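Take 1 as the starting number for the sequence shown in full-length UniProt numbering and just add one per residue. Think of the CB as a built atom: it goes at the ideal place given N, C-alpha and C, for glycine as much as any other residue. Note that the structure is predicted; figures quoted are calculated from it, not measured.
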Amino acid sequence: MKKINNFTYRKLRDKYEFIKREKNTEAYLKYKLYIMLAIYTGIVLVLMFMADYTFSNFSNPLVKWLKLRRDVLFFLVFIIGYITIFNFYWKKPWNYLREIINATHTIYQQNDELVELSKPLKEIEQQMNQIKMSVLLSQQAVKEAENKKNNLVMYLAHDIRTPLTSVIGYLSLLKEIPDMDNSQKSKYTEVALDKAQYLEKLINELFEITRYNSNQIKINFEKVDLYYMLLQLKDEFYPLLSEKGNRAILKANESLTIKADSEKLARVFNNILKNAIAYSYPNTEIIISAVHKDSKVDIAFRNYGQTIPEEQLSAIFEKFNRLDEARKSDMGGAGLGLSIAKEIINLHGGDITVQSKDEVTTFTISLPTSI
Numbered sequence: 001m002k003k004i005n006n007f008t009y010r011k012l013r014d015k016y017e018f019i020k021r022e023k024n025t026e027a028y029l030k031y032k033l034y035i036m037l038a039i040y041t042g043i044v045l046v047l048m049f050m051a052d053y054t055f056s057n058f059s060n061p062l063v064k065w066l067k068l069r070r071d072v073l074f075f076l077v078f079i080i081g082y083i084t085i086f087n088f089y090w091k092k093p094w095n096y097l098r099e100i101i102n103a104t105h106t107i108y109q110q111n112d113e114l115v116e117l118s119k120p121l122k123e124i125e126q127q128m129n130q131i132k133m134s135v136l137l138s139q140q141a142v143k144e145a146e147n148k149k150n151n152l153v154m155y156l157a158h159d160i161r162t163p164l165t166s167v168i169g170y171l172s173l174l175k176e177i178p179d180m181d182n183s184q185k186s187k188y189t190e191v192a193l194d195k196a197q198y199l200e201k202l203i204n205e206l207f208e209i210t211r212y213n214s215n216q217i218k219i220n221f222e223k224v225d226l227y228y229m230l231l232q233l234k235d236e237f238y239p240l241l242s243e244k245g246n247r248a249i250l251k252a253n254e255s256l257t258i259k260a261d262s263e264k265l266a267r268v269f270n271n272i273l274k275n276a277i278a279y280s281y282p283n284t285e286i287i288i289s290a291v292h293k294d295s296k297v298d299i300a301f302r303n304y305g306q307t308i309p310e311e312q313l314s315a316i317f318e319k320f321n322r323l324d325e326a327r328k329s330d331m332g333g334a335g336l337g338l339s340i341a342k343e344i345i346n347l348h349g350g351d352i353t354v355q356s357k358d359e360v361t362t363f364t365i366s367l368p369t370s371i
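This is the structure:
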């Protein structure tokens, strides 16, 4: 009997250790209860054997009285012990439940305090901490989105107000001085027209980026001769390149083709090359390259100019972003060109990245060769 009991105890103990390692709280408590009951039963049985031995060697009245009531006494000991053990382990789940309920308040607090639970609840603790991290990230994302929205409104007001103020100013002068010299009048009219056209361009870009964000733009995929498109781009920008003494160099295989929307892809290349020219040192080269890699094509625009700070690189594709912190609204665009370029590339299933180091800035567009 003792060998069987020891064997059973070892099996329970091994199972208990396994469950404990697996952090299964329910099974952990269950097997711990079984082990405590087995230990308690063993102790009571040993006491019964000892009592039998004691009762057989003594014959005084008290021993006789106890011997007659031995079964009742040990039955009461069993019952009281089992009730005590069950009561102790019955309270455990409720204590754990209260612990978990209290920990839920920590999840939604906006701080870095992590949930800490008892050892048997470590698995739940990990899950609750993961939930808390998700909540904190969501709250942070909401704050960032709100900040971006506020910045967008501020930048929009700034970029619209500047040309509008110029238009109103020049038109007011023309109204106040009706006998103004014709050459001066022509000059003011031309400036006002330029500012009005810039304002129209800004509004059109805003409508366009809104359409991209709301998925209202349809991509018409067709076979595109990538080499010819880049060559044509290089030739079209020759006058603008010549103004600063810059030169564009194309490095690409003449047979390179991809599946894309040629009109929208040309818009992307225009925006990136225009940006490269604007921020290039005078009399430097702008390298345009296209390389086929596996199932995609990498198109890179590399120019030599001031290194873009890391904090500006991370926001370079955001709306209304410009590399100049003063955000001058000359004819440099509304700061939406790169944002539109990114939206177009995303719709093509591609990716656009930028690197800037040691006065070399490279925009890289990765596009799948087929859709």
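- Query: Based on the DSSP secondary-structure assignment, which residues constitute the bridge partners of A260?
  - Reply: Answer by DSSP bridge pairing, in chain order: E222.
- Say the cut is 6 Å; is the CB of K187 nearer than that to a heavy atom of the ligand MG? For the ligand MG, the structure offers nothing, since it holds no ligand at all.
- Message: Looking at the secondary structure, which residues open and close the beta strand (DSSP E) in which N303 lies?
- Response: Run containing N303: K296 to Y304, per the beta strand (DSSP E) assignment.
- Task: State buried or exposed for Y31, treating a residue as buried only when at least 16 other CB atoms are found within 10 Å of its CB.
- Result: Y31 comes out buried.
- What's the C-alpha gap between I365 and S295? As the crow flies, the alpha-carbon of I365 is around 14 Å from that of S295.
- Just the Cα atoms here: how many angstroms apart are L256 and I249? For the pair L256 and I249, the Cα-to-Cα distance works out to about 17 Å.
- Could you please give me the residues that DSSP links to R247 through a beta bridge? BP columns for R247 point to E285.
- Could you tell me the boundaries of the alpha helix (DSSP H) in which I352 lies? Boundaries around I352 are those of the beta strand (DSSP E), D351 to K357, since no alpha helix (DSSP H) includes it.
- Item | Residue environment, D235, which counts as buried when at least 16 other CB atoms sit within 10 Å | Classification of D235: exposed, given that the 10 Å Cβ count is below 16.
- Extent of the continuous alpha helix (DSSP H) run through I345: Counting along the chain, the alpha helix (DSSP H) containing I345 begins and ends at G337 to L347.
- Message: I need the DSSP call for W315, collapsed to helix, strand or coil.
- Response: Just to set this straight, residue 315 is Ala in the shown sequence, not Trp. Looking at A315 - three-state DSSP - the assignment turns out to be coil, as it is neither helix nor strand.
- Message: Let me check one thing: in DSSP terms, what residues is K122 bridge-paired to?
- Response: In DSSP, K122 forms no bridge with anything.
- Out of I217, Y108, A276 and E176, state which residue places its alpha-carbon closest to the alpha-carbon of K264. The candidate whose alpha carbon is nearest that of K264 is I217.
- Task: Go ahead and pull the three-state DSSP assignment for T307.
- Result: Annotated three-state conformation of T307 is coil, per DSSP.
- Task: Buried or exposed for H348, please, with buried defined as at least 16 other CB atoms from any protein chain shown within 10 angstroms of its CB.
- Result: By the neighbour-count rule (16 or more Cβ atoms within 10 Å), H348 is buried.
- For F363, the first and last residue of its enclosing beta strand (DSSP E): Run containing F363: V360 to P368, per the beta strand (DSSP E) assignment.
- Skipping 5 residues on each side, what residues in its chain have a beta carbon closer than 6 Å to that of A196? V167, listed in sequence order.
- Task: List the DSSP bridge partners of K293.
- Result: Among the bridge pairs identified by DSSP, K293 is matched with K296.
- Task: Rank E205, I345, L231 and N111 by C-alpha distance to the C-alpha of I287 and give the top, closest one.
- Result: Selected option, being the one with the closest Cα: L231.
- Item | Backbone CA spacing between L114 and R98 [nearest angstrom] | Cα-Cα distance, rounded: 17 Å.
- In its own chain, which residues sit with a C-beta less than 7 Å from the C-beta of L173, not counting the 5 before and 5 after it? Counting only Cβ-Cβ distances below 7 Å, and skipping sequence neighbours, we find Y188.
- Just how far apart, CA to CA, sit K244 and T284? Cα-Cα distance, rounded: 9 Å.
- Query: Roughly how many whole angstroms lie between the Cα atoms of Y96 and I131?
  - Reply: Y96 and I131: Cα-Cα distance of roughly 19 Å.
- Message: For S339, count the other beta carbons within 10 Å of its own beta carbon; 16 or more makes it buried, fewer makes it exposed. Which is it?
- Response: The residue is buried, with at least 16 neighbouring Cβ atoms inside 10 Å.
- A326, buried or exposed, once every other Cβ within 10 Å from all chains shown has been counted against 16: Confidence is the limiting factor: at A326 the pLDDT is only 38, short of 50, which leaves the residue's position unreliable, though a coordinate-based value still follows. Counting Cβ neighbours within 10 Å, A326 comes out exposed, since fewer than 16 surround it.
- Return the chain-ordered list of same chain residues with a C-beta closer than 7 Å to the C-beta of I160, the five sequence neighbours on each side being excluded. Beyond the five residues adjoining it in sequence on each side, I160 comes within less than 7 Å, by CB distance, of L199 and L202 in the same chain, given in chain order.
- Message: Looking at V224: is its Cβ nearer than 7 Å to the Cβ of A260?
- Response: Against a cut-off of 7 Å, the Cβ pair of A260 and V224 comes out as a contact.
- Message: For N303, tell me which candidate among N275, E311 and N204 has the shortest Cα-Cα distance.
- Response: Ranked by Cα distance from N303, the first of N275, E311 and N204 is N275.
- Neighbourhood of Q355 by C-beta, 6 Å cutoff - its chain only, sequence neighbours within 5 removed: So the list reads T362, once near-sequence residues are dropped.
- Query: W253 and Y227 look like a contact to me (Cβ under 8 Å); what is the Cβ gap, rounded to whole Å?
  - Reply: Residue 253 is actually Asn in this sequence, not Trp. Their Cβ separation, rounded to whole angstroms, is 7 Å, which keeps N253 and Y227 in contact under 8 Å.
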